[in-house]
Amino acid sequence: MKTLEERFYDFAVVPVVVLHDAKDALPLADALVKGGLPCAEVTFRTEAAEESIRLMCEKYPEMLVGAGSVLTIDQVDRAVNAGAAFIVSPGFDPEIVDYCLSKNIAIIPGCITPSEISQAVKRGLTAVKFFPAEQSGGVAMLKAMAAPLTMVRFMPTGGISMANLKEYLSYDKIICCGGSWMVKDSMIKNGEFDKIQQMTSEAVALAKEIRG
Numbered sequence: 551m552k553t554l555e556e557r558f559y560d561f562a563v564v565p566v567v568v569l570h571d572a573k574d575a576l577p578l579a580d581a582l583v584k585g586g587l588p589c590a591e592v593t594f595r596t597e598a599a600e601e602s603i604r605l606m607c608e609k610y611p612e613m614l615v616g617a618g619s620v621l622t623i624d625q626v627d628r629a630v631n632a633g634a635a636f637i638v639s640p641g642f643d644p645e646i647v648d649y650c651l652s653k654n655i656a657i658i659p660g661c662i663t664p665s666e667i668s669q670a671v672k673r674g675l676t677a678v679k680f681f682p683a684e685q686s687g688g689v690a691m692l693k694a695m696a697a698p699l700t701m702v703r704f705m706p707t708g709g710i711s712m713a714n715l716k717e718y719l720s721y722d723k724i725i726c727c728g729g730s731w732m733v734k735d736s737m738i739k740n741g742e743f744d745k746i747q748q749m750t751s752e753a754v755a756l757a758k759e760i761r762g
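Residues in the sequence shown are numbered consecutively from 551, following this note's numbering.
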């Protein structure tokens, strides 16, 4: 059985999804699976998130589905009860992190400073989200911060696309990249799931080319 971090590394790219209507959950999951990327971080920004996670996990048990943009303990509970395999928070919230650790729930907190990463290290975490990645200095910033923090690896999210994916995935401290370019809001709303499948396949192919 592979660890969560190993599965993330294998995926290389994690689609960050915003679903406004749970009816789109299964067509989207189908597109991601057929595109070769059975993974999704469903953001808890909408009322449809909880039901969407439940539907995806029930219909596609092979998928690695998690909850993103988690801001409260209540959201953690709702996401996990729906089937979420991991929790992602936009920032480092000690209350949420400690709660997840106490419940043995996989948590990837957002960190953009050495101080925040140090708090994660103290708690035994070995992977953190770097968000917003591009706006916070990108790979150059990551390399500068990672030098003294050798035990941590990163999941950068924010401003990542096919254009700069190679720059990120070529750095060995990066497990995977979160991205929404292949699952854009407008594409989901317009039912362009064939396009999502195609763009997902392209992302998978590029990731394999980069990592070999």
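Here a beta-carbon is modelled for each residue, glycine too, at the ideal position from N, C-alpha and C.
| Asked | Found |
| --- | --- |
| 7 angstroms Cβ shell around residue 838 - same chain, five flanking residues per side excluded | No answer is possible for residue 838: it lies beyond the span of the chain, which begins at 551 and ends at 762. |
| Any 3 or more C-beta pairs closer than 8 angstroms across the stretch 706–718 and the stretch 680–694 | yes |
| Whole runs of the alpha helix (DSSP H) within the stretch 685–710, excluding any shorter than 4 residues | 688–696 |
| Range covered by the beta strand (DSSP E) that runs through residue 639 | 637–639 |
| Residue(s) in a DSSP beta bridge with residue 678 | 704 |
| Option nearest residue 498 by Cα separation, candidates 606, 696 and 660 | Because the chain is modelled from 551 through 762, residue 498 falls outside the range shown and cannot be assessed. |
| When 741, 760, 761 and 749 are compared against residue 576, the one with the closest alpha-carbon | 741 |
| The stretch 620–633 contacting the stretch 643–653, beta-carbon criterion three pairs below 8 angstroms | yes |
| Coarse secondary structure for residue 670, derived from DSSP in three states | helix |
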